[in-house]
Every structure is written in C-alpha cells, then in structure tokens.
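Asker:
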Amino acid sequence: MAKFINPFTDVGFKKIFGQEVSKDLLIDFLNDLLVDEKSITDITFLDKEVLPEYMGDRGVIYDIYCTTENGEQFIVEMQNRQQVNFRERALYYLSHAVSRQGEKGADWRFNLKAVYGVFFMNFRLENMPHKLRTDIVLSDRDTHEQFSDKLRFIFIELPSFTKEEAECVTDFDRWIYVLKNMETLNRMPFKARKSVFEKLEKIVDIASLSKEERVKYDESIKVYRDSLVTMEFAEQKGRAEGLAEGMAKGKAEGKAEGKAEERRIIAGQLKRMGMSFDAIREVTGLSDSEIDAL
0 MAKFINPFTD VGFKKIFGQE VSKDLLIDFL NDLLVDEKSI TDITFLDKEV
50 LPEYMGDRGV IYDIYCTTEN GEQFIVEMQN RQQVNFRERA LYYLSHAVSR
100 QGEKGADWRF NLKAVYGVFF MNFRLENMPH KLRTDIVLSD RDTHEQFSDK
150 LRFIFIELPS FTKEEAECVT DFDRWIYVLK NMETLNRMPF KARKSVFEKL
200 EKIVDIASLS KEERVKYDES IKVYRDSLVT MEFAEQKGRA EGLAEGMAKG
250 KAEGKAEGKA EERRIIAGQL KRMGMSFDAI REVTGLSDSE IDAL
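Here numbering that gives the first Met the number 0 is used: position 175 in the sequence shown is 174, and no number is missing along the way.
1) For E156, which of helix, strand or coil comes out of DSSP?
2) Please name the residue in Q268, C65, D9 and D46 whose C-alpha comes closest to that of N79.
3) At which residues does the beta strand (DSSP E) containing G116 begin and terminate?
4) Just mark T283 as buried or exposed, buried being the case when its beta carbon has 16 or more other beta carbons within 10 Å.
5) Please list the terminal residues of the continuous alpha helix (DSSP H) segment that includes S138.
6) Helix or strand or just coil, what does DSSP make of E68?
7) Using the DSSP secondary-structure output, state which residues sit across from L33 in a beta bridge.
8) Since R3 and E182 should fall inside the 8 Å C-beta cutoff, what is the C-beta to C-beta distance between them, to a whole number of angstroms?
9) By DSSP's criteria, R151 is part of a beta bridge. Which residues make up the other side?
10) The ligand ATP and F16: does any heavy atom of the ligand fall closer than 7 Å to the residue's C-beta?
11) Alpha carbon to alpha carbon, how far is D35 from H129? Give it in angstroms, no decimals.
12) In terms of DSSP beta bridges, what is D141 paired with?
13) Could you spell out where the alpha helix (DSSP H) holding I279 opens and where it closes?
14) Would you kindly report the start and end of the unbroken beta strand (DSSP E) that includes I42?
15) So, helix, strand or coil for D291, using DSSP?
16) Within the chosen definition, does the segment 67-75 reach the segment 41-49 through at least 3 CB pairs nearer than 8 Å?
17) If I'm right that D31 touches F171 with Cβ under 8 Å, what's the distance once you round it to whole angstroms?
18) E76: which of S194, E156 and E164 sits nearest, CA to CA?
19) I need the DSSP call for I202, collapsed to helix, strand or coil.
20) Does F146 pass the burial test, meaning 16 or more other C-beta atoms within 10 Å, or should it be called exposed?
21) How should R173 be labelled, buried or exposed, when 16 other C-beta atoms within 10 angstroms of its C-beta is the threshold for buried?
22) Leaving aside the five residues before and after F12 along the sequence, list all residues of the same chain whose C-beta is less than 6 Å from its C-beta, in chain order.
23) Within its chain, find whatever has a CB closer than 7 Å to the CB of K149; leave out the 5 residues flanking it on each side and keep chain order.
24) Is it buried or exposed, S219, if we count other Cβ atoms within 10 angstroms and call 16 or more buried?
25) With distance defined between alpha-carbon atoms, name the residue in S94, Q82 and M187 nearest to L137.
26) Using DSSP with H/G/I as helix, E/B as strand and the rest coil, what is Q78?
27) Mapping DSSP to helix, strand and coil, what is V168?
28) Out of R108, P158 and M0, state which residue places its alpha-carbon closest to the alpha-carbon of I175.
29) Going by the beta-carbon positions, is the gap between I153 and G101 smaller than 8 Å?
Structure below.
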C-alpha cells in the first residue's frame, strides 16, 4: 500500500499546492521554478471559478489560481492526458486573466500585472521538442528580445524527467523528482537539505488524512485510474485501427500490383504474336515504353 498520496489526482495535487495551510509549499516551488528571477514572499488564493463578464460568456475554472503580494497572477494546473487544443486552452485561460485586469474609467493606463501559467503535464506535448520544461514568452522573432513580460507559459513535461534521486542537483529537480515518484516512495528524500520537504512529508502522508479527506482521496484515485484505463484503451484502439488500415491498404496495393502484372503478361503474349503497339496499348493500357521493355 502506498505511503504518500498521488499528486496526479485532483485531491492530491490541491492538497499539496492549493491549501491555505500549505501555501508555503507553493511559494517554495514557484521560487525554485523562477530561481534568480523572482522571490515571492506571499500569495493569496483567488476564486478558481472566475465569473463570466457578461451573460452567455463561459466561466473559466483553474486547478489553482493565486496572486502574489505584487499583484502578479499564477494559474497552476495538473493535466494527466492530452486534450484537443490544449495549448489554445492555456492561451485562453491566461488571456482571460489578463483581460479581467482592465478597469473602467478614464484613469486606467493599461498598467497590467504579469500572468503566469504553470502546466504540469503527465504526457508529452505534441509537435514540440520533448524536454522537461518549455518556457514560452513574448519576444521578437528575429532578435529574440523580450517584447513584454506580462504573459508567460511554462509547460512541465513530466515523462521527460528521468533523473534518479542522486542526480537531482537543483531544488527544482528535487521538486520534480518528489512529485513524479511520490506514490512509490517509502520515505521523503531531501529533508536534510531543505526543510520544506519535511513539511511536505506530513501533508502527503496518507495516514494523516481525516476520514472525510480519505473518502475524497479514494474517489479521486478511482477517477485517475479510470482515466488511465480510458487512455490505454484509446491508444490500443488507435493502434489496432492503424494496423487494420495498413493491412487493408497493403491488400489493395497487392491487388493493384497483381492486375498490373497480368496486363504485362498479356501484352508480352500479344507482342510475341506480332500485334502492333497501338493494338496492345488499346487492349492493356500500357505505354509504348512499357510494351517495348517486355
């Protein structure tokens, strides 16, 4: 039986990063993610379901939505499977958070605060180089100079992380190692190096869950495992359909090649009988060069 919760579940991920009591874990992770760029000292969790701006508009729901003491906003999500238009969905979420900063009145001067999207992905991002971290910023196409720092996407592709415990040299590596391997760990590593992992151990210990939390977690595990089974079925079905399509195509190509060979045999016989190229071409449909080669 697992000792620690599975962070890929909805309940597990939000217990680690989405609680007021454990917000220092999220602060620590974000600082390690943006090391030498930012030093966040406090965050405030915002309502995850942003109300529509007008009737008919759809609401936007994030896993974790928070703002720093400087007003910068972070959207943090865990995604276990590829979705249609996943990148466009991320763009929509962040753009929505940017646009909602607009204020009515003549005094507002577009003094926007930065919006960051941090997307944990338990899958590989399609049509992109496979690497642990993909950082998307607004920059000039030719000079690569940053155009604006108000919109940033950070995609964390967990399957691309293959380091063992001893190979983790940065605190960001250590965070990713713990998150990726948490459900199979018997002990929490890195506690001696960083006290935040000692607190993390207490929060993710399954034995520490209340009865109500355990019920919610067990249901979350069921949803997660059902999702894995569904993905595996879809992949197997896709492979089977691809194989069937390939066999059908090969069979059709084989039939076509067989008919072509039959025409060549007939053309050769007619040629040996002294029939003209025009007549052979009319009967078999072969070109003069094909008939001449027989």
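Idealized CB from N, CA, C, for every residue including glycine.
Answerer: With the given structure in hand:
1) As a position in the sequence shown, residue 156 is number 157, starting the count at 1. Looking at E156 - three-state DSSP - the assignment turns out to be strand.
2) Within the sequence shown, numbered from 1, the residue matching residue 79 stands at position 80. Comparing C-alpha distances from N79 to each of Q268, C65, D9 and D46 shows the shortest one belongs to D9.
3) Residue mapping note: residue 116 aligns to position 117 of the sequence shown, counting from 1. Taken as a continuous stretch (DSSP letters only), the beta strand (DSSP E) holding G116 covers V114 to M120.
4) The sequence position of residue 283 within the sequence shown is 284, counting from 1. T283 comes out buried.
5) Stepping through the sequence shown from its first residue, residue 138 is reached at position 139. Unbroken run through S138 is the beta strand (DSSP E), R132 to S138; no alpha helix (DSSP H).
6) Counting from one through the sequence shown, the residue named residue 68 turns up at place 69. Reduced to three states, the DSSP call for E68 is coil.
7) If you number the sequence shown from 1, residue 33 lands on position 34. According to DSSP, L33 bridges with nothing at all.
8) Here residue 3 is taken as the residue at index 4 of the sequence shown, counted from 1. Here residue 182 is taken as the residue at index 183 of the sequence shown, counted from 1. The residue you asked about is not Arg; residue 3 is Phe in the sequence shown. With a Cβ gap of about 6 Å, F3 and E182 count as contacting.
9) Indexing the sequence shown from 1 puts residue 151 at position 152. Answer is Y115 and V136.
10) As presented, the structure is devoid of all ligands, the ligand ATP included, so that no description of it is given.
11) For the purposes of this step, residue 129 is taken as residue 130 along the sequence shown, with counting starting at 1. For the purposes of this step, residue 35 is taken as residue 36 along the sequence shown, with counting starting at 1. Each residue's alpha carbon lies about 25 Å from the other.
12) As a position in the sequence shown, residue 141 is number 142, starting the count at 1. According to DSSP, which records beta bridges pairwise, D141 is partnered with nothing at all.
13) On the sequence shown, residue 279 is found 280 positions in, with the first residue counted as 1. The continuous alpha helix (DSSP H) containing I279 extends over residues F276 to T283.
14) For the purposes of this step, residue 42 is taken as residue 43 along the sequence shown, with counting starting at 1. Run containing I42: I42 to F44, per the beta strand (DSSP E) assignment.
15) Locating residue 291 in the sequence shown gives position 292, counting from the first residue. For D291, the three-state secondary structure derived from DSSP is helix.
16) In short, these stretches touch, since the Cβ pair count reaches three.
17) What you label residue 31 is simply residue 32 of the sequence shown in a count that begins at 1. What you label residue 171 is simply residue 172 of the sequence shown in a count that begins at 1. Contact between D31 and F171 is confirmed by a C-beta separation of about 5 Å, below the 8 Å threshold.
18) As a working mapping, residue 76 is identified with position 77 in the sequence shown. Distance check between E76 and each of S194, E156 and E164 places E156 closest, using alpha-carbon atoms only.
19) The count along the sequence shown starts at 1 and reaches residue 202 at position 203. I202: helix per DSSP, three-state reduction.
20) For the purposes of this step, residue 146 is taken as residue 147 along the sequence shown, with counting starting at 1. Result: exposed.
21) Position 174 of the sequence shown, counted from the start, is the residue given in the question as residue 173. Around the CB of R173, 16 or more other CB atoms lie within 10 Å, so the residue is classed as buried.
22) Counted from its first residue, the sequence shown places residue 12 at position 13. For F12, where only same-chain residues beyond five positions count, the Cβ hits under 6 Å are P6 and M77.
23) Here residue 149 corresponds to residue number 150 of the sequence shown, with the count starting at 1. Result list for K149: V97, L111, A113 and V114, in chain order.
24) The residue labelled residue 219 in the question sits at position 220 within the sequence shown. Note on S219: 16 or more other CB atoms within 10 angstroms of its CB, so buried under the neighbour-count rule.
25) In the sequence shown, the residue the question calls residue 137 occupies position 138. Per the Cα distances, S94.
26) Here residue 78 refers to the residue found at position 79 when the sequence shown is read from its first residue. Q78: strand per DSSP, three-state reduction.
27) As a first step, residue 168 must be located in the sequence shown, where it is residue number 169. V168: coil per DSSP, three-state reduction.
28) By 1-based counting over the sequence shown, the position of residue 175 is 176. Nearest C-alpha to I175: P158.
29) By one-based count along the sequence shown, residue 153 stands at place 154. By one-based count along the sequence shown, residue 101 stands at place 102. No, Cβ-Cβ distance for I153 and G101 is not below 8 Å.
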